[in-house]
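Numbering (the working numbering), first residue to last: 3 to 124.
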């Protein structure tokens, strides 16, 4: 359900809109970035009078917000970064181990044998 004002708010400045929503716990942001209110809240027109709100049936419904990294609480906020760091260190360690194995004489001889057999078949 979308709420619309009978009085035009378009003439008001963005700062006036922000001030009007500051003390509202139901305030949020719409798709266009302007502050929006939840159903049942009554906006102030700025001159001390309350604006009349009408309901527009069949209007756009906001989707519930998904949990993102910004709303993680406490010690979970840096978990993604720590996981990437651990995976990077493990990858570097594994690459170093492969370099050591590949430089050994036995592995070189084994690889040369495989290459020679493959070339002799062709």
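The beta carbon of each residue, even a glycine, is placed where N, CA and C say it ideally should be.
All values reported here derive from a predicted model rather than from experimental measurement.
Query, Result
"Residue 122: first and last residue of the uninterrupted alpha helix (DSSP H) it sits in", "107-123"
"Within 8 Å, strictly: CB atoms of residue 137 and residue 109", "Residue 137 lies beyond the residue range present for the chain, which begins at 3 and ends at 124; the question has no answer from this structure."
"Own chain partners of residue 120 with C-beta closer than 6 Å, once the 5 adjacent residues on each side are dropped", "none"
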